[in-house]
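Residue numbers (the numbering used here), protein chains in the order written: chain P, 93 to 516; chain S, 7 to 295.
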């Protein structure tokens, strides 16, 4: 009985140790490694035509801000088309984008979806055929790009091997609540440290789908956006990598977003991410493991770890369950002082890795005072752990039904709200 | 000749590097946060190694005093908490002829009777129900209370149906907490070595933080253990699982995290010595690009 519990527990601990090492490696690399930002200095070029897609479903509170910010960008006007995708909105979103299109018809060409499959992936799949521009950028409707952002995101595409580019997401409603402050810290760790370290180490920076874009030729080669996924971003990342395209992360290309301000909104968001990410895990772990010739071993390892990020939550809960069962069976103490040493060492070093990553990222950002909130991250961690595990269990239990319900993230901004200066 | 040209090239490169960060009137153009890294210096490397190794040596060397200090706290607290049980100590030895003792209170572990199980069950249900009544802005607290209630539920279930006796005595519980606490104390200087000392904080700050963490844990751990003892003596072994799994080692690690977060919020030497433009020129000229 005890052995039957111990073996899976050891396996889970081994997986968690690998993730711990990964946290430490990424953070130390970000702090002391050589930074790869090969395209950031391009300011003057023969800029290609770009289509900017903004999927919108009931975004009346934010869409005007987004369009204003895009129109203020310093990208050559004749080379830029903005395509707001009004995806079955029941509020004033459609009217707002139409007003913009009437005022500036050459630059804003809205697309209205009244039917079809709901969700961002399906909207992008349908809309991408509306433009033959060689570069397709995608922004979420609540994002605010700075003036230079489009050039920064397009510059990497001068490299013909680059299939997708991702910029950095920076929350702008940080001071609203404890949750927004914690999410700001999480984003800092995720982008400033994780993504940049992956870029430095030539691994797989993730195209995140909200501040970035893809090369149309690559998209066509892959057959376009998949609409049977909740995470079209993770999906396209792995499709591109498997097909031999490069994915680039631009830490300098900052775009400002509105993070969820309420816990229910956050829970819905992370559940959607978990389900989408797990779909990609199910789809791409084996093709990645088979390792096409152009992919290095370390890239495969990183890719598998990236795919498995949202599976760690349920795994951790299972590990806790096993540990509790073993506690009642009397395992740890009977194993003596070695067991205590191992458990104590793992609890200390293992649990601390994520805190180190976030603190290092915030310090690099110059946000020293925000690090005081570091212990409170455990609060967000608990909620995320439960939500992700719940989403995964629900996903597994409904696997055969293939029911993918898109949960939209609630917006908290008001249409007439004064916005911070978003110059990047 | 080749050596000379290399030296010239190096000097030129350094000059250019200097010009790249020179702002108006002596100000410094700080790099954008996306490009900031952490330059290593030999001094920082040496101090990191010395502080880490020195911290571990300090912890190991002070174990006999720590043990005696904990014994003293246990003696005082036993009277204060009204614990009617003898005080004992367990001897340990480490390589390097380090011997120390850890205190324990030789009280019997009270086992829950059916009445205690019913009371605990009802209390757990109340906690579980209350978690649903809290406003959504307290979602983390709601989750935490549910976790506690579920965990307590496993303990109730165990004592209600298990044929084997509960595998731990109170002295085991105390022993594990104390030993694990010492492991955290021993690891603290090492962990600070590669997560804090690598940053550009002043040496005295790093030293202060290391000593503060160790001192805090040295006081915190025996008090934590005493609270556990008091709760087990009053709440029976029924509360031991929750105390061990939620309020044991995890709490020690969170203490460490809190200190670490505090230290990471301190101003670094690079920032302190950064040449700032005169105030009347404003931040835009010499601040972050």
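The beta carbon of each residue, even a glycine, is placed where N, CA and C say it ideally should be.
Against chain P, with Cβ distances strictly below 8 Å, would residue i count as a contact?
| i | result |
| --- | --- |
| residue 134 of chain S | no |
| residue 20 of chain S | no |
| residue 276 of chain S | no |
| residue 228 of chain S | no |
| residue 95 of chain S | no |
| residue 247 of chain S | yes |
| residue 225 of chain S | no |
| residue 204 of chain S | yes |
| residue 173 of chain S | yes |
| residue 216 of chain S | no |
| residue 23 of chain S | no |
Can you check whether the CB of residue j is closer than 8 Å to the CB of residue i?
| i | j | result |
| --- | --- | --- |
| residue 281 of chain P | residue 245 of chain P | no |
| residue 456 of chain P | residue 347 of chain P | no |
| residue 175 of chain P | residue 210 of chain P | no |
| residue 112 of chain P | residue 449 of chain P | no |
| residue 215 of chain P | residue 177 of chain P | yes |
| residue 176 of chain S | residue 242 of chain S | no |
| residue 255 of chain P | residue 330 of chain P | no |
| residue 100 of chain S | residue 73 of chain S | no |
| residue 259 of chain P | residue 345 of chain P | yes |
| residue 194 of chain P | residue 152 of chain P | no |
The beta strand (DSSP E) that contains residue i, what's its start and end?
| i | result |
| --- | --- |
| residue 258 of chain P | 254–263 |
| residue 345 of chain P | 338–349 |
| residue 105 of chain S | 104–111 |
| residue 305 of chain P | 303–307 |
| residue 95 of chain S | 93–100 |
| residue 384 of chain P | Unbroken run through residue 384 of chain P: none, as it is neither H nor E. |
| residue 229 of chain P | 227–231 |
| residue 118 of chain S | Residue 118 of chain S -> no beta strand (DSSP E), and no H or E assigned at all. |
| residue 402 of chain P | From DSSP, residue 402 of chain P is part of no beta strand (DSSP E); its letter is neither H nor E. |
| residue 503 of chain P | Careful: residue 503 of chain P lies outside any beta strand (DSSP E) and carries neither H nor E. |
Just reading off the alpha helix (DSSP H) that residue i is part of, what are its end residues?
| i | result |
| --- | --- |
| residue 485 of chain P | 469–489 |
| residue 231 of chain S | 209–241 |
| residue 444 of chain P | 443–456 |
So which residues on chain S does residue i lean against when the C-beta distance must stay under 7 Å?
| i | result |
| --- | --- |
| residue 307 of chain P | The contacting residues do not exist; residue 307 of chain P stays about 23 Å from chain S at best. |
| residue 457 of chain P | 39 |
| residue 461 of chain P | 271 |
| residue 420 of chain P | 164 |
| residue 448 of chain P | 201 |
Taking C-beta pairs closer than 8 Å, name the residues in chain S that residue i reaches, listed in chain order.
| i | result |
| --- | --- |
| residue 437 of chain P | 189 and 193 |
| residue 129 of chain P | 40 and 41 |
Report the neighbours of residue i on chain P: residues whose CB is nearer than 7 Å to its CB, in chain order.
| i | result |
| --- | --- |
| residue 268 of chain S | 464 |
| residue 140 of chain S | Neighbours of residue 140 of chain S on chain P: none; closest Cβ ~11 Å, over 7 Å. |
| residue 101 of chain S | None at all; the shortest Cβ gap to chain P is about 14 Å. |
| residue 150 of chain S | 474 |
Got a sec: is the Cβ-Cβ distance from residue i to anything in chain S below 8 Å?
| i | result |
| --- | --- |
| residue 425 of chain P | Caution is warranted here: a pLDDT of 49 is assigned to residue 425 of chain P, below 50, making its placement in the model unreliable, and the coordinate value is therefore given only provisionally. By this cut-off, residue 425 of chain P is an interface position. |
| residue 236 of chain P | no |
| residue 108 of chain P | no |
| residue 470 of chain P | yes |
| residue 293 of chain P | no |
| residue 343 of chain P | yes |
| residue 416 of chain P | yes |
| residue 478 of chain P | yes |
| residue 451 of chain P | yes |
Which residues in chain P sit within 8 Å of residue i, going by Cβ to Cβ distance?
| i | result |
| --- | --- |
| residue 259 of chain S | 439, 440, 443 and 444 |
| residue 264 of chain S | 466 and 467 |
| residue 13 of chain S | The contacting residues do not exist; residue 13 of chain S stays about 24 Å from chain P at best. |
| residue 120 of chain S | Here the premise fails: no neighbours, minimum Cβ distance about 19 Å. |
| residue 145 of chain S | 355, 356, 359 and 475 |
| residue 46 of chain S | 124 |
| residue 197 of chain S | 440, 441 and 444 |
For residue i, which residues in chain S fall below 9 Å Cβ to Cβ?
| i | result |
| --- | --- |
| residue 244 of chain P | Near residue 244 of chain P there are no residues of chain S at all, since even the closest Cβ is about 10 Å away, more than 9 Å. |
| residue 260 of chain P | 40 |
At a cut-off of 7 Å, would you count residue i as near the ligand MN, judging by its Cβ distance to the nearest heavy atom?
| i | result |
| --- | --- |
| residue 406 of chain P | Although the ligand MN was asked about, the structure shown includes no ligands whatsoever. |
List, in chain order, every chain P residue whose beta-carbon is nearer than 9 Å to that of residue i.
| i | result |
| --- | --- |
| residue 207 of chain S | Within chain P, no residue comes near residue 207 of chain S; the closest Cβ sits about 10 Å away, beyond 9 Å. |
Assess contact between the segment 216–234 of chain S and the segment 253–271 of chain S, defined as three or more Cβ pairs (one per stretch) separated by less than 8 Å. Is contact present?
The segment 216–234 of chain S vs the segment 253–271 of chain S: in contact.
Spell out a yes or no on whether the segment 394–407 of chain P and the segment 356–375 of chain P are touching, meaning 3 or more CB-CB pairs, one atom from each, closer than 8 Å.
Segments in contact, yes.
Contact between the segment 119–134 of chain S and the segment 187–200 of chain S: three or more CB pairs below 8 Å?
Judged by Cβ distances under 8 Å, the segment 119–134 of chain S makes no contact with the segment 187–200 of chain S, as fewer than three pairs qualify.
Should the segment 354–369 of chain P be regarded as contacting the segment 245–259 of chain P, the criterion being three or more beta carbon pairs within less than 8 Å?
Not touching, per the Cβ criterion.
Counting Cβ pairs, one atom from each stretch, are 3 or more of them under 8 Å apart for the segment 259–278 of chain S and the segment 116–129 of chain S?
No, the segment 259–278 of chain S does not touch the segment 116–129 of chain S.
Under 8 Å, with one C-beta from each stretch per pair, do the segment 150–166 of chain P and the segment 117–137 of chain P reach the 3-pair mark?
With the cut-off at 8 Å, the segment 150–166 of chain P and the segment 117–137 of chain P do not touch.
Please determine if the segment 311–324 of chain P and the segment 9–18 of chain S are in contact, where contact requires at least 3 C-beta pairs separated by less than 8 Å.
Too few Cβ pairs lie closer than 8 Å, so no.
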